[in-house]
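Numbering (mature numbering (1 follows the signal peptide of the UniProt record, and there is no 0)), first residue to last: -26 to -1, 1 to 95. Notes to accompany the following structure.
In structure tokens form, the structure reads like this:
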């Protein structure tokens, strides 16, 4: 009778040990949809006029860069480890983005995907 209990305990211990070391793999897909852009004062991000003295409309270009939480917010568009999308000149100072694409080769929604997403617990 004792041998049976020892065997049962050993099997239970091995099973619990294997359950604790399971590997989990997953993937993510983040979709970002652009709806509207509005810059009624025709100003740049530093608050200067888009067209010097004449105050014309801006020549809008967009850079969408996916970085991790806490990453630098510099304008280094080569530092986008999770992906990026860049447009050429798009629209005027008040427009709605296209339903299927923002610019040639830039879909709307833009899809960022991967297998690692850092979280803070």
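Just so it is clear, CB atoms sit at the ideal spot from N, CA and C, and this is done for glycine as well. Computed from a prediction, not measured in an experiment: that's the story for all the values here.
So, at 6 Å on beta carbons, what are the nonlocal neighbours of residue i in its own chain, with the 5 sequence-adjacent residues on each side left out?
i: residue 1; result: 89
i: residue 64; result: 34 and 77
i: residue 81; result: 75
i: residue 4; result: 86
For residue i, which beta-bridge partners are listed by DSSP?
i: residue 84; result: 6
i: residue 37; result: 60
i: residue 77; result: 80
i: residue 12; result: 68
Taking 7 Å as the threshold (C-beta atoms), are residue j and residue i in contact?
i: residue 61; j: residue 41; result: no
Give the range of the beta strand (DSSP E) segment to which residue i is assigned.
i: residue 103; result: Residue 103 lies beyond the stretch modelled for the chain, which goes from -26 to 95, so this question has no answer here.
Could you name the residues of the same chain whose beta carbon sits closer than 8 Å to that of residue i, not counting the 5 residues immediately before and after it, in chain order?
i: residue 58; result: 37, 38, 39, 40 and 51
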